[in-house]
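Participant: Residue numbers (full-length UniProt numbering), protein chains in the order written: chain A, 1 to 218; chain B, 1 to 218.
There are 2 protein chains.
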Amino acid sequence: MTLSEEDYIKAIYHLGKGENNIVSTNEVAEQMKTKPSSVTDMMKKLSEKGVANYRKYKGVCLTEHGLKVALTLVRKHRLWEVFLVEKLNFAWDEVHEVAEQLEHIKSEKLTDSLDKLLGFPQVDPHGDPIPSKNGEFKKAVKKLLNEVPVGTSGTCVGVKDSSAPFLKFLDKNRIALGDTILVLEKEEFDGSLHIQVKGKDIRISDQIAANLYLKITE
Amino acid sequence: MTLSEEDYIKAIYHLGKGENNIVSTNEVAEQMKTKPSSVTDMMKKLSEKGVANYRKYKGVCLTEHGLKVALTLVRKHRLWEVFLVEKLNFAWDEVHEVAEQLEHIKSEKLTDSLDKLLGFPQVDPHGDPIPSKNGEFKKAVKKLLNEVPVGTSGTCVGVKDSSAPFLKFLDKNRIALGDTILVLEKEEFDGSLHIQVKGKDIRISDQIAANLYLKITE
DNA sequence: ATTAATATTTAGACAAATCTAAATATTTGT
DNA sequence: ACAAATATTTAGATTTGTCTAAATATTAAT
Chain A
1 MTLSEEDYIK AIYHLGKGEN NIVSTNEVAE QMKTKPSSVT DMMKKLSEKG VANYRKYKGV
61 CLTEHGLKVA LTLVRKHRLW EVFLVEKLNF AWDEVHEVAE QLEHIKSEKL TDSLDKLLGF
121 PQVDPHGDPI PSKNGEFKKA VKKLLNEVPV GTSGTCVGVK DSSAPFLKFL DKNRIALGDT
181 ILVLEKEEFD GSLHIQVKGK DIRISDQIAA NLYLKITE
Chain B
1 MTLSEEDYIK AIYHLGKGEN NIVSTNEVAE QMKTKPSSVT DMMKKLSEKG VANYRKYKGV
61 CLTEHGLKVA LTLVRKHRLW EVFLVEKLNF AWDEVHEVAE QLEHIKSEKL TDSLDKLLGF
121 PQVDPHGDPI PSKNGEFKKA VKKLLNEVPV GTSGTCVGVK DSSAPFLKFL DKNRIALGDT
181 ILVLEKEEFD GSLHIQVKGK DIRISDQIAA NLYLKITE
């Protein structure tokens, strides 16, 4: 599998939202930052190789085999992201570009050893689940912190309100993007929450919780 | 710099034995497993890019800039080899192929963080020195263990006698390829040695020492 | 149901990296 | 110093992945 072929497979996978939906030539072209005519050529090639089902004017989706390739790429990408953050102290938002390169390294032994070194992580630094060696993995959804039930654990991935006061609050309470948050308790009276972040217990109001996005794997 | 260009630069570097000697088209072709005509084309390109000095029929060597590129590649290759052995428990002889891929990853931050994670190693698992960030590095030489002075430390990289009894002796004494050996003392009378391997002190005869290759950085 | 707008494909060209075969230069042996 | 052997380059072709422009198919709108 060529570097370029792998990139197209990943594009089809991601545009299909992990559901392997049929995606259009133009969608792929936009994602890959190429022209539709280039996509048509590549779709024919991927079809011949048995990794994609392509029908003229109808769009393309992955075959069973293509899906396996895509999941392996996603697995490698996310494992490397964990490595960069956990072992090399990269920041949350610095890992993507390098992981795009590292995901193409071909060595099953390398991938599995890395998985082991990292303690078989379930999610990457963006809270997205990491496919297992045999390609199974959970779906992730993004929800506001005040909408999840008690006992839920997830990764903090964004804010709804990005005003200075709110961001200052988060900073003061040591809540940062990429942190894992566990909901310990919810106060019925005012909807305030008791949560755990980086091993510390804190209490936050419903308003705060209504402005924090969590990514949770179901 | 293209993947292919980088491979040619490394080939020129290695054929020049780290001395940046002029190397011939045919030598490069053999090393790269391509045809001489392909090499000619690439040499012209590398010359135009300012990384090599190529003169028709005369051969090629690297420019100052090309040498820098080569040393960066060697640095990355060897750091990844250390990573694979130290962190992922790869064996001595399993690392090369994967490192060939990893050395092309472009991220200065990644390289330097890796260097730090590994504790700024001086040599790779084959005993070859690792260039520093700014391109300085020591040369390594291969010598028989009985020929080095007391106090010398090096990496065990091979055997002269590969008979079963000798290999069995090494195994019994826990001496393996890739191990670091330090010469503590030499007995003048019979030339026997007192050495340290993996934290253990052992004594070996001159005959044993005369059949073990050590790689030492001067 | 036709036309207009949009999406997709085809045809032909290009750059990178390679190859083969032929031409040319250099080196070696006498 | 000259012929033979060897090394190197040139010319022209091929593959991969891309592009533009033109042709064709699909979809949407009246």
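We put the beta carbon where it would ideally sit given N, CA and C, even for glycine. As the structure is a prediction and not an experimental result, all values here were calculated from the model.
Give me the chain A residues within the contact set of isoleucine 105 of chain B, using Cβ-Cβ distance strictly less than 9 Å, ordered along the chain.
Facilitator: Counted from its first residue, the second sequence places residue 105 of chain B at position 105. Chain A residues near isoleucine 105 of chain B: Val98, Gln101, Leu102 and Ile105.
Participant: Put histidine 96 of chain A into one of helix, strand or coil per three-state DSSP.
Facilitator: Position 96 of the first sequence, counted from the start, is the residue given in the question as residue 96 of chain A. Note: histidine 96 of chain A maps to helix in three-state DSSP.
Participant: At 3 residues or longer, what runs of the beta strand (DSSP E) sit wholly inside the region 129–169 of chain A?
Facilitator: Counting whole runs of 3 or more residues, the region 129–169 of chain A contains the beta strand (DSSP E) stretches 140–144 and 153–159.
Participant: Are the region 70–82 of chain B and the region 126–139 of chain B touching by the rule of at least three beta carbon pairs closer than 8 Å?
Facilitator: Judged by Cβ distances under 8 Å, the region 70–82 of chain B makes contact with the region 126–139 of chain B, as three or more pairs qualify.
Participant: Give me, in chain order, the residues of the same chain whose beta-carbon lies closer than 6 Å to that of glycine 158 of chain A; leave out the 5 immediate sequence neighbours on both sides.
Facilitator: Taking the first residue of the first sequence as 1, we reach residue 158 of chain A at position 158. Same-chain partners within the cutoff: Tyr213.
Participant: Tell me where the beta strand (DSSP E) around lysine 200 of chain B begins and ends.
Facilitator: As a working mapping, residue 200 of chain B is identified with position 200 in the second sequence. Residues 200–204.
Participant: Select from the region 55–83 of chain A all residues with a C-beta closer than 8 Å to any C-beta belonging to chain B, and list them in chain order.
Facilitator: Listed by position, the residues of the region 55–83 of chain A near chain B (Cβ gap below 8 Å) amount to none.
Participant: For serine 113 of chain A, return the contacting residues in chain B, with the cut-off set at a CB-CB distance below 9 Å.
Facilitator: Position 113 of the first sequence, counting from 1, holds the residue named residue 113 of chain A. Residues of chain B passing the Cβ test: Leu84, Lys87, Leu88, Asn89 and Phe90.
Participant: Name the two residues that bound the continuous alpha helix (DSSP H) containing threonine 78 of chain B.
Facilitator: Counted from its first residue, the second sequence places residue 78 of chain B at position 78. Sequence check: residue 78 of chain B is arginine here, not threonine. Start and end: 64–86.
Participant: With a Cβ-Cβ cutoff of 8 Å, do tyrosine 54 of chain B and leucine 62 of chain B count as a contact?
Facilitator: In the second sequence, the residue the question calls residue 54 of chain B occupies position 54. In the second sequence, the residue the question calls residue 62 of chain B occupies position 62. In this structure, leucine 62 of chain B does not lie closer than 8 Å to tyrosine 54 of chain B by Cβ.
Participant: Of the choices B:Glu5, B:Leu71 and B:Val123, whose alpha-carbon is the least far from that of glutamate 48 of chain B?
Facilitator: Translated into positions along the second sequence, residue 48 of chain B becomes position 48. Of the candidates B:Glu5, B:Leu71 and B:Val123, the one whose C-alpha sits nearest the C-alpha of glutamate 48 of chain B is B:Glu5.
Participant: Report the three-state DSSP secondary structure of lysine 109 of chain B (helix, strand or coil).
Facilitator: For this step, residue 109 of chain B is matched to residue 109 along the second sequence. It is helical.
Participant: Closest to glutamate 100 of chain B by CA distance: which of A:Ala99, A:Lys215 and A:Lys106 is it?
Facilitator: Start at 1 with the first residue of the second sequence, and residue 100 of chain B comes out as number 100. The residue with the shortest Cα to Cα distance from glutamate 100 of chain B is A:Lys106.
Participant: Starting from the C-beta of tyrosine 8 of chain B, find all residues in its chain whose C-beta is less than 6 Å away, skip the five residues before and the five after it, and write them out in chain order.
Facilitator: Here residue 8 of chain B is taken as the residue at index 8 of the second sequence, counted from 1. Cβ within range, chain order: Met42.
Participant: Quick check on leucine 117 of chain A - is its C-beta less than 8 Å from some C-beta in chain B?
Facilitator: Your numbering for residue 117 of chain A matches position 117 in the first sequence. By this cut-off, leucine 117 of chain A is an interface position.
Participant: Report the partner residues of glycine 59 of chain B according to the DSSP bridge assignment.
Facilitator: Position 59 of the second sequence, counted from the start, is the residue given in the question as residue 59 of chain B. Answer is B:Arg55.
Participant: Does aspartate 115 of chain B pass the burial test, meaning 16 or more other C-beta atoms within 10 Å, or should it be called exposed?
Facilitator: Here residue 115 of chain B corresponds to residue number 115 of the second sequence, with the count starting at 1. Looking at its Cβ environment, which holds 16 or more other Cβ atoms inside 10 Å, aspartate 115 of chain B is buried.
Participant: Under 8 Å, do valine 197 of chain A and isoleucine 175 of chain A count as touching if we go by C-beta distance?
Facilitator: Locating residue 197 of chain A in the first sequence gives position 197, where the first residue counts as 1. Locating residue 175 of chain A in the first sequence gives position 175, where the first residue counts as 1. It is a contact, given that the beta carbons lie within the stated cut-off.
Participant: Roughly how many whole angstroms lie between the Cα atoms of aspartate 179 of chain A and proline 121 of chain A?
Facilitator: Counting from 1 along the first sequence, the entry for residue 179 of chain A is found at position 179. Counting from 1 along the first sequence, the entry for residue 121 of chain A is found at position 121. Roughly 14 Å between the two C-alpha positions.
Participant: How should proline 165 of chain B be labelled, buried or exposed, when 16 other C-beta atoms within 10 angstroms of its C-beta is the threshold for buried?
Facilitator: Counted from its first residue, the second sequence places residue 165 of chain B at position 165. Result: exposed.
Participant: Short of 7 Å in beta carbon distance, which residues of its chain neighbour glycine 127 of chain A, apart from the five on each side in sequence? Order them along the chain.
Facilitator: Taking the first sequence and counting its residues from 1, one reaches residue 127 of chain A at position 127. Same-chain partners within the cutoff: Ala140, Gly154, Thr155, Val157 and Lys215.
Participant: Distance cutoff 8 Å, beta carbons only. Does leucine 110 of chain B sit that close to anything in chain A?
Facilitator: Along the second sequence, read from residue 1 onward, the residue named residue 110 of chain B stands at position 110. Taking Cβ atoms only, chain A reaches closer than 8 Å to leucine 110 of chain B, which makes this a yes.
Participant: Under a three-way DSSP split, which group does leucine 114 of chain A fall into?
Facilitator: The residue you call residue 114 of chain A lines up with position 114 of the first sequence. Note: leucine 114 of chain A maps to helix in three-state DSSP.
Participant: Within 10 angstroms of its Cβ, does asparagine 89 of chain A collect 16 or more other Cβ (buried), or is it exposed?
Facilitator: Along the first sequence, one-based indexing puts residue 89 of chain A at 89. When all chains shown are included, asparagine 89 of chain A counts as exposed.
Participant: Please name the residue in A:Gly119, A:Thr25 and A:Thr2 whose C-alpha comes closest to that of isoleucine 12 of chain A.
Facilitator: To locate residue 12 of chain A, count along the first sequence from 1; it is residue 12. Considering only alpha carbons, the answer is A:Thr25.
Participant: So is leucine 84 of chain A buried or exposed if we call it buried at 16+ other beta carbons inside 10 Å?
Facilitator: The residue you call residue 84 of chain A lines up with position 84 of the first sequence. Burial call: buried.
Participant: Cα separation between methionine 1 of chain A and histidine 65 of chain A?
Facilitator: Locating residue 1 of chain A in the first sequence gives position 1, counting from the first residue. Locating residue 65 of chain A in the first sequence gives position 65, counting from the first residue. Cα to Cα, methionine 1 of chain A sits roughly 12 Å from histidine 65 of chain A.
Participant: Within this structure, are the beta carbons of lysine 200 of chain A and valine 150 of chain A separated by less than 8 Å?
Facilitator: Taking the first residue of the first sequence as position 1, residue 200 of chain A is located at position 200. Taking the first residue of the first sequence as position 1, residue 150 of chain A is located at position 150. No, they are not a contact pair.
Participant: Taking the continuous beta strand (DSSP E) assigned at lysine 215 of chain B, which residues delimit it?
Facilitator: Residue 215 of chain B sits at position 215 when you count from the first residue of the second sequence. Run containing lysine 215 of chain B: 212–217, per the beta strand (DSSP E) assignment.
Participant: Starting from leucine 15 of chain A, follow the alpha helix (DSSP H) in both directions and report where the run begins and ends.
Facilitator: As a first step, residue 15 of chain A must be located in the first sequence, where it is residue number 15. Leucine 15 of chain A -> alpha helix (DSSP H) spans 3–15.
Participant: So what's leucine 193 of chain A in DSSP terms, helix, strand or just coil?
Facilitator: By 1-based counting over the first sequence, the position of residue 193 of chain A is 193. In the structure shown, leucine 193 of chain A sits in a strand (DSSP, three-state: E or B).
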